[in-house]
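Protein chains in written order, with the UniProt record's numbering: chain A, 1 to 282; chain B, 1 to 282. All C-beta atoms, glycine included, are put in the ideal place defined by N, C-alpha and C.
Number of protein chains: 2
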Amino acid sequence: MSHSIYNQLLMISIQDQNVGSIFPVLLFFHGFLVENAWYTQLLEHVSSHVYIIVAPQEVNQAAFISEWLIKGGLSSEPKMPKNVQADLTKVAVSGHSRGGKTAFALALGCQEAEAPPASSLKFSAVLGIDPVAGSSPSNRTDPKILKYIPRSFDLSTMPIAVIGTGLGNQKKGITPPLAPNGVNHAEFWNESKPPCYYFLAKEYGHCDMFNEDGPPWFVIHKICQTGSGPRDLMRRSLGGIVVAFLEAYLGGNKQNLQGIVDESLEAPIAIHPIISLDDATC
Amino acid sequence: MSHSIYNQLLMISIQDQNVGSIFPVLLFFHGFLVENAWYTQLLEHVSSHVYIIVAPQEVNQAAFISEWLIKGGLSSEPKMPKNVQADLTKVAVSGHSRGGKTAFALALGCQEAEAPPASSLKFSAVLGIDPVAGSSPSNRTDPKILKYIPRSFDLSTMPIAVIGTGLGNQKKGITPPLAPNGVNHAEFWNESKPPCYYFLAKEYGHCDMFNEDGPPWFVIHKICQTGSGPRDLMRRSLGGIVVAFLEAYLGGNKQNLQGIVDESLEAPIAIHPIISLDDATC
């Protein structure tokens, strides 16, 4: 089921046998000028693996959302199913496009000017889906988190996944690229410390993970380089990667993530390169 | 001794006991608008470890220099000491600034328009000192070798070293940065495949490896952010890293390179971060 609470999208897939359990949480921030509702098909995939998903519409208030979570916002939310609890010791933060950058900024503790004092909510993992930090290295959005020094994200051993799109750095018509070189997935990956994972959906574009019925596609096609393959395969592939990453670092089971990395589990679209840096060896 | 041949700087440090031996070669390309003669103090350091150094003045003719080498140019050069031979099975290619990019382009086989057909000279290693690929990701010099995809340099298992400067991405006065974010050492490193090594001289600038008596320093100080520490320590540190890398991959002795990586051998200036990616584990 999905509910809109305080401009947030709350997604919880509860099966009868799970009622009474405690579930990990995925916080997801949408991209610039887009709606959280455009991601429900992707997020339902993740939610169905029994994660509580909180996807606020207002990404500029990321720190307030984090504060709301730690203060028990979910448990006091009337639309939360009874006997369902959020496990606030297992919260991953994620996002797409500028929301991917917001996720990193929140994990790094780089707050907006009017944010509350750093909250005590600790994240267990961070995940950027085609994250974007501005329009060029010299024109980045605040807070500026990229330093252009490899492995500079000061996240200790927090696990990181970066998923890029191969067409995101291409322009469409007169529109500049939506995920330009120098501020996109490649640099986010470069600044990540192990343990970290990189996946490139090489034949898809920056908007190809939206719902079929989400955005006005006739507009998207004019401003965004899109892939020629079926979008449901893109969403399934991204969903699978997200779930495998969460399973590994929130659930303690690395089997599927390892399968994706060593390519024994094949995605339905071309994911290349896939790179993993383990903390023990790199 | 150092000689200028065909606009080239040839540096050979021969001790009596070495005459009659065969020596590995380091090809070095200078930066944009600067002279190869400004690097002699740095290059003498490397040369003293018994490498033949060829540092042409004309970097736009990199492929022709490579062709000249393979056709025995060095052995027919009248100023080469008698009984000294170049080992063309052990040639590393390197450079500073735009010359660093030239080194990568030559190793990658990305030729200038008027270059001879790809030569049969195979490089054993490539080394970029604060390499620069243009003024921004959207304004790169030809040939465009950066793809903004991690590990995209198609160099098989050729070992790579990238040395960056921490101040190279800062502007000085009204002059833009000489090694701008998005086209500098960080992205060259990001596109390198293992085995590869990254070193950042974090408190020095893009020009701090020039000779003391080389460039007009009063001009350099106006256009280039320079470090406050002694430049001879910068040259010694860079020279030491270059020699350790060549020893490892041209000489087969990884001891000093490993010492630098695990910081048991300490450089006289701050080198941080130091990152190594081994082909076996990463």
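- The residue among A:Asn256, A:Gly164, A:Gln258, A:Tyr249 with its C-alpha nearest the C-alpha of A:Ala92 is A:Tyr249.
- Note on A:Gln225: 16 or more other CB atoms within 10 angstroms of its CB, so buried under the neighbour-count rule.
- Sequence-ordered contacts of the region 151-169 of chain A with chain B read Arg151, Asn169 [C-beta pairs closer than 7 Å].
- Distance between A:Asn83 and A:Gly73, taken at the CA atoms: about 15 Å.
- Residue nearest to B:Ser124 within the set B:Trp68, B:Pro195, B:Thr141, B:Gly227 is B:Pro195 (criterion: CA-CA distance).
- DSSP places A:Thr226 outside any alpha helix (DSSP H), giving it a letter other than H or E.
- At a cut-off of 9 Å between beta-carbon atoms, A:Asn181 makes contact with chain B.
- Along the length of the region 223-261 of chain A, whole alpha helix (DSSP H) runs at least 4 residues long occupy 231-249, 255-261, reported in chain order.
- The shortest CA-to-CA distance from B:Thr89 to any of B:Lys144, B:Val54, B:Pro116, B:Pro24 is the one to B:Pro24.
- Taking the C-beta atoms as reference points, A:Gln41 is found no nearer than 9 Å to A:Asp208.
- By the criterion of a C-beta distance shorter than 8 Å, A:Gln85 is surrounded in its chain by Ser21, Ile22, Phe23, Ser75, once the five residues flanking it on both sides are discounted.
- Within chain B, the C-beta atoms nearer than 9 Å to that of A:Leu200 come from Ile149, Pro150, in chain order.
- Here A:Ile70 has Leu88, Ser119, Ser120, Leu121 as same chain residues with Cβ atoms under 7 Å from its own Cβ, once five neighbours each way along the sequence are excluded.
- Shown here for B:Ile65: same chain residues with a beta carbon closer than 6 Å to its own, the five before and five after excluded, namely Pro56 in chain order.
- For the options A:Cys110, A:Leu178, A:Gln170, the alpha carbon positioned closest to that of A:Phe153 is the one of A:Cys110.
- Counting the other Cβ atoms within 10 Å of the Cβ of A:Glu187 gives 16 or more, which makes it buried.
- Assigned with DSSP and collapsed to three states, A:Val46 falls in helix.
- The secondary-structure analysis by DSSP pairs B:Tyr198 across a beta bridge with B:Val162, B:Ile275.
- Proximity of A:Ser97 to chain B, defined by a Cβ-Cβ separation below 9 Å, is not satisfied.
- At a cut-off of 9 Å between beta-carbon atoms, A:Pro195 makes no contact with chain B.
- In the three-state DSSP reduction, B:Ala133 falls in the coil class, being neither helix nor strand.
- Between A:Gly100 and A:Ile129, the C-beta spacing is below 9 Å.
- The secondary-structure analysis by DSSP pairs B:His96 across a beta bridge with B:Ile129.
- The region 133-140 of chain B makes contact with the region 170-187 of chain A: 3 or more CB pairs, one atom from each, lie closer than 8 Å.
- Judged by pairs of C-beta atoms under 8 Å, the region 199-215 of chain A touches the region 30-50 of chain A, as three or more such pairs exist.
- Secondary structure note for A:Phe64: its alpha helix (DSSP H) is the uninterrupted segment 62-70.
- Straight through space, the alpha carbons of B:Ala244 and B:Leu257 are spaced by roughly 5 Å.
- In its chain, beyond the 5 residues on either side, Ala201, Ala267, Pro268, Ile269, Ile271 have a beta carbon closer than 8 Å to the beta carbon of A:Ser237.
- By the C-beta density criterion, A:Glu191 is buried, having at least 16 other C-beta atoms within 10 angstroms.
- In the displayed model, A:Asn139 falls within a strand according to three-state DSSP.
- Less than 9 Å divides the Cβ of B:Ile145 from the Cβ of B:Leu108.
- Taking a Cβ-Cβ threshold of 7 Å, the residues of chain B close to A:Ile275 are Pro150, Arg151, in chain order.
- Between A:Ala161 and A:Val34, the C-beta gap is not smaller than 9 Å, which leaves the two residues out of contact.
- Closest option to B:Pro215, judged by alpha-carbon separation, among B:Ala37, B:Leu27, B:Leu9: B:Ala37.
- A:Val132 and A:Glu263 have their C-alpha atoms roughly 27 Å apart.
- If you draw a straight line from the Cα of B:Tyr51 to the Cα of B:Leu127, it comes to about 15 Å.
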